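Engineer:
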Amino acid sequence: MPPALHPDALHFADPAASLWEDTAPALSFTPQPLDGDERCDIAIVGGGFTGLSCALRLARGHGADVRLLEAATPGWGASGRNGGFACIGAAKLSWPDMARRYGMEATRAFFDIQREAIESLRATAAELGIEADIAGTGEITLAHRPPFRRALAQEQETLRTLFGHETELLEPEALAERGMAAPFIHGGLWNPTGFGLHPLKLARGLADAAHAHGARLHGQSRVTGWAQAGGRHRLTTAAGGTLTADRVILACNGYTPEATFPPLAGRLMPALSNILVTRPLSLSEREAQGWTTTTMAFDARALLHYVRLLPDGRFLFGGRGGTDMSDGAAPAMEASMRREFEAMFPAWRHVEHTHFWRGLVCLARDLVPHIGPLDERSTVWTAIAYHGNGVAMANWSGRHLADIVAGQTALADLPAVMTAPLRRFPFAGLRQLYMKAAYAAFTVRDEWL
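Below is the structure:
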């Protein structure tokens with residue numbers, strides 16, 4: 001089976017060319033590579049939000065002997081590259097379809113968990129003193145064509161009927177009054193739950209906290225081998241270090257090395273997301289476009305655009321799209337993103353962008369996130385697949401997985417939406433072809449139907 005990841009997506013020695021990388025303070029410590037033959041009770045593979053929140057909880061809340069192995073440095077992957085949207089949306093399965101598949105009780109529980117994840121993230125950042133540049137109130141889904149205005153009205157009714165969750169349907173004029181104007185907007189749905197933040201400041205703050213509470217974090221420690229003997233797990237890194245542990249937690253999400261971890265092989269679909277950020281906009285430039293709010297927004301496309309006015313006046317413009325992870329494909333993607341930005345925000349055609357970068361989100365076949373064991377003895381666990389919306393959900397999942405592994409709570413306490421076994425994609429070697437076909441269909445749906 002061909003690998004799901006292009007080697008160019010795995011330049012672990014190179015930091016992302018992101019605004020976040022340029023503006024986040026350095027870690028308070030240096031995560032040293034794993035050296036020699038070490039042991040611990042619990043080994044975590046992956047230094048993003050899932051792994052960091054899990055390590056922090058295990059060390060701080062349970063006094064566990066835990067080590068974390070990260071191929072680059074903590075926050076290098078999706079957790080430090082995303083748009084900084086802490087909001088609902090960790091599943092791509094519609095709410096009615098979810099209720100039909102898993103039942104209404106489980107669906108409501110999952111919805112409540114997502115709301116809890118957002119508020120608990122805010123509380124965690126405050127408790128730990130992490131200055132994560134939290135900004136904006138809620139999020140707005142924008143109808144980019146008239147037919148999608150009706151879809152937003154249907155979504156509003158679904159949220160009210162199934163969950164008692166109130167949102168506000170807004171006409172373009174009302175959105176403009178709130179500081180959100182652009183020629184492509186045909187209405188919007190404001191959800192009061194959510195906020196924006198600086199994801200790498202959050203990730204590094206979590207890493208500092210985990211380190212301070214006794215978790216041992218190792219950078220430049222890419223896991224290349226995994227063996228089991230005598231009821232224990234032996235992890236080998238590219239530099240030759242070894243770590244023997246009683247239990248292993250896999251928290252690599254879209255960057256999972258499937259050849260190294262067969263239980264996840266063929267079960268994940270990594271997908272590209274792209275972001276460009278402008279220079280700081282003057283107040284007059286913001287007013288010229290009519291976009292002055294820091295509230296997060298995204299359009300109703302399947303291949304969505306997501307946008308934020310950042311606290312320092314820069315504008316973040318992100319979008320799905322592109323299936324070529326090679327470095328050679330990046331310039332064309334950047335040019336495409338630039339054209340889309342100028343078309344959607346014509347008053348800013350003269351405004352240069354200072355940063356462009358890409359990263360990977362992670363999808364599962366069932367289109368819902370997953371927490372659960374990967375072996376019969378429940379010594380290997382994962383929390384994974386947040387479908388491009390893991391800022392809040394990955395932190396929540398890592399923390400709750402820590403409680404499960406420590407024996408404080410049980411997997412059965414979670415809704416079935418999140419605990420059903422990960423299914424393989426059929427003919428998994430064809431996943432990139434599936435994605436190309438899906439993107440073609442999404443484009444037709446987004447732009448013409």
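full-length UniProt numbering puts the first residue of the sequence shown at 1, with every later residue one more than the last.
Note that the Cβ used here is the ideal one computed from N, Cα and C, for glycine as well.
Please read these numbers as outputs of a predicted model, since none were measured by experiment.
1. By the three-class DSSP mapping on this structure, what secondary structure does SER397 have?
2. Cβ of ARG232 less than 9 Å from any chain B Cβ?
3. Across which residues does DSSP place GLY319 in a beta bridge pair?
4. Using a 10 Å radius around the Cβ and a threshold of 16 neighbouring Cβ atoms, would you call GLU155 buried or exposed?
5. Report buried or exposed for TRP226, applying the criterion of at least 16 other Cβ atoms within 10 angstroms of its Cβ.
6. Beta carbon of ILE275, beta carbon of LEU316: below 9 Å?
7. What is the C-beta distance between THR137 and PHE195, in whole angstroms, given that I count them as a contact (C-beta under 8 Å)?
8. Output the residue ranges of the beta strand (DSSP E) runs that lie fully inside the stretch 163-247 and measure 3 residues or longer, sorted by chain position.
9. Are the stretch 217-237 and the stretch 30-40 in contact at 8 Å, needing three or more beta carbon pairs?
10. Can you give me the Cβ contacts of MET435 inside the same chain, cut-off strictly under 8 Å, excluding the 5 residues immediately before and after it?
11. Rounded to the nearest angstrom, what separates MET337 and ALA329 at their Cα positions?
12. Evaluate ALA259 with the Cβ neighbour count: other Cβ atoms within 10 Å of its Cβ, from every protein chain shown; 16 or more gives buried, anything less gives exposed.
13. Using only CA atoms, which one of ALA209, LEU411 and HIS353 lies nearest to PRO280?
14. CB LEU39 to CB LEU250, shorter than 9 Å?
15. How would you write the range of the alpha helix (DSSP H) that MET435 sits in, first residue to last?
16. Would you check if the stretch 280-290 and the stretch 383-392 touch, i.e. whether three or more CB-CB distances between them fall below 8 Å?
17. Give the secondary structure of ASP327 by DSSP, where H, G and I count as helix, E and B as strand, and everything else as coil.
18. Quick check on this structure: which residue in LEU200, TYR102 and ASN253 has the alpha carbon closest to the alpha carbon of GLU131?
19. What residue range is occupied by the uninterrupted alpha helix (DSSP H) comprising THR107?
20. From ALA64, ALA364, LEU202 and PRO369, pick the residue whose C-alpha is nearest to that of THR124; which is it?
21. Evaluate MET296 with the Cβ neighbour count: other Cβ atoms within 10 Å of its Cβ, from every protein chain shown; 16 or more gives buried, anything less gives exposed.
22. What is the residue span of the alpha helix (DSSP H) that VAL417 lies within?
23. Out of LEU152, PHE345, GLY313 and ALA55, point me to the one whose CA is closest to ALA209's CA.
24. I'd like to know whether the C-beta atoms of GLY254 and GLY359 end up nearer to each other than 9 Å.
25. Flag this pair as touching only if the stretch 71-87 and the stretch 410-430 have three or more C-beta atom pairs under 8 Å; answer yes or no.
26. Buried or exposed for MET344, going by 16 or more other Cβ atoms inside 10 Å?
27. The alpha helix (DSSP H) that contains ARG54, what's its start and end?
28. For a test of the three-state rule: what should DSSP assign to ARG88, helix, strand or coil?
29. Tell me, please, whether the stretch 392-405 touches the stretch 43-61 by the rule of three or more beta-carbon pairs shorter than 8 Å.
30. Using C-beta distances below 8 Å, list every residue in its chain close to ARG108, excluding the 5 sequence neighbours before and after it, in chain order.
31. Which partner residues does GLU139 have in the DSSP bridge list?
32. Give the DSSP-derived three-state secondary structure of ALA251 in the structure shown.
33. Return yes when the C-beta of ALA383 is under 8 Å from any heavy atom of the ligand NAP, and no when it is not.
34. Do LEU304 and TYR439 come within 9 Å of each other at the CB atom, strictly closer than that value?
35. Assuming contact is defined by CB atoms lying nearer than 9 Å, are GLU257 and LEU69 in contact in what I supplied?
36. Report the option in ARG365, THR167 and ALA410 whose CA atom is closest to the CA atom of ILE384.
Structural biologist: Let's see:
1. In the sequence shown, counting from the first residue as 1, residue 397 sits at position 397. SER397 falls in the helix class under three-state DSSP.
2. Looking at the structure shown, chain B is missing, and only one protein chain is on hand.
3. Numbered from its first residue, the sequence shown carries residue 319 at position 319. Partner(s): ASN274 and HIS305.
4. Position 155 of the sequence shown holds residue 155. Buried, since its Cβ has 16 or more Cβ neighbours within 10 Å.
5. By 1-based counting over the sequence shown, the position of residue 226 is 226. Burial call: buried.
6. Within the sequence shown, numbered from 1, the residue matching residue 275 stands at position 275. Within the sequence shown, numbered from 1, the residue matching residue 316 stands at position 316. Their beta carbons are under 9 Å apart, which means ILE275 touches LEU316 by this criterion.
7. To locate residue 137, count along the sequence shown from 1; it is residue 137. To locate residue 195, count along the sequence shown from 1; it is residue 195. The Cβ separation is near 7 Å, so the contact holds.
8. Counting only unbroken stretches of 3 or more residues, the beta strand (DSSP E) elements lying wholly within the stretch 163-247 are 168-170, 188-191, 216-218, 223-229 and 232-237, in sequence order.
9. Because the criterion of three Cβ pairs below 8 Å is met, the stretch 217-237 and the stretch 30-40 touch.
10. Along the sequence shown, read from residue 1 onward, the residue named residue 435 stands at position 435. MET269, ALA271 and THR323, listed in sequence order.
11. As a working mapping, residue 337 is identified with position 337 in the sequence shown. As a working mapping, residue 329 is identified with position 329 in the sequence shown. Each residue's Cα considered, the two are about 13 Å apart.
12. Here residue 259 is taken as the residue at index 259 of the sequence shown, counted from 1. ALA259 is exposed by the Cβ-count criterion.
13. Numbered from its first residue, the sequence shown carries residue 280 at position 280. PRO280 has its Cα closest to that of HIS353, out of ALA209, LEU411 and HIS353.
14. As a working note, residue 39 is residue 39 in the sequence shown. As a working note, residue 250 is residue 250 in the sequence shown. Rather than Leu, the amino acid found at residue 39 in this sequence is Arg. Between ARG39 and LEU250, the CB-CB gap reaches or exceeds 9 Å.
15. On the sequence shown, residue 435 is found 435 positions in, with the first residue counted as 1. Where MET435 is concerned, the enclosing alpha helix (DSSP H) stretches over 431-447.
16. Taking a contact to require three or more Cβ pairs closer than 8 Å, the stretch 383-392 and the stretch 280-290 do not qualify as touching.
17. For the purposes of this step, residue 327 is taken as residue 327 along the sequence shown, with counting starting at 1. Residue state, collapsed to three classes: helix.
18. Translated into the one-based positions of the sequence shown, residue 131 becomes position 131. When each option's Cα is compared against that of GLU131, the closest is LEU200.
19. Within the sequence shown, residue 107 is the residue found at index 107, counting from 1. In the DSSP annotation of this structure, the continuous segment of the alpha helix (DSSP H) that includes THR107 starts and ends at 104-128.
20. Here the question's residue 124 lines up with position 124 in the sequence shown. Comparing C-alpha distances from THR124 to each of ALA64, ALA364, LEU202 and PRO369 shows the shortest one belongs to LEU202.
21. Start at 1 with the first residue of the sequence shown, and residue 296 comes out as number 296. MET296 counts as buried, since no fewer than 16 other beta carbons sit within 10 angstroms of its beta carbon.
22. Translated into the one-based positions of the sequence shown, residue 417 becomes position 417. Taken as a continuous stretch (DSSP letters only), the alpha helix (DSSP H) holding VAL417 covers 416-419.
23. Indexing the sequence shown from 1 puts residue 209 at position 209. Minimum Cα distance to ALA209 is reached at ALA55.
24. Taking the first residue of the sequence shown as position 1, residue 254 is located at position 254. Taking the first residue of the sequence shown as position 1, residue 359 is located at position 359. Contact: yes.
25. Touching, no.
26. Indexing the sequence shown from 1 puts residue 344 at position 344. It counts as buried.
27. Here residue 54 refers to the residue found at position 54 of the sequence shown. Correcting the residue identity first, residue 54 is Cys in this sequence and not Arg. 49-62 is the span of the alpha helix (DSSP H), which, as asked, contains CYS54.
28. Working through the sequence shown from its first residue, we reach residue 88 at position 88. Reading off the sequence shown, one finds Ile at residue 88, where the question assumed Arg. In the three-state reduction of the DSSP assignment, ILE88 falls in the coil class.
29. In this structure the stretch 392-405 lies against the stretch 43-61, because at least three pairs of beta carbons, one per stretch, are closer than 8 Å.
30. What you label residue 108 is simply residue 108 of the sequence shown in a count that begins at 1. Contacts found: LEU162 and PHE163.
31. Residue mapping note: residue 139 aligns to position 139 of the sequence shown, counting from 1. DSSP, once it has assigned bridges, lists ASN191 and MET296 as partnering GLU139.
32. The residue given as residue 251 occupies position 251 in the sequence shown. Judged by DSSP in its simplified three-state form, ALA251 adopts coil rather than helix or strand.
33. The ligand NAP is absent from the structure shown, which contains no ligand whatsoever.
34. One-based indexing of the sequence shown puts residue 439 at position 439. One-based indexing of the sequence shown puts residue 304 at position 304. Not in contact: TYR439 and LEU304 (Cβ atoms no closer than 9 Å).
35. As a working mapping, residue 257 is identified with position 257 in the sequence shown. As a working mapping, residue 69 is identified with position 69 in the sequence shown. Before going further, note that residue 257 is Pro rather than Glu in the sequence given. No Cβ-Cβ contact shorter than 9 Å links PRO257 with LEU69.
36. What you label residue 384 is simply residue 384 of the sequence shown in a count that begins at 1. Per the Cα distances, ARG365.
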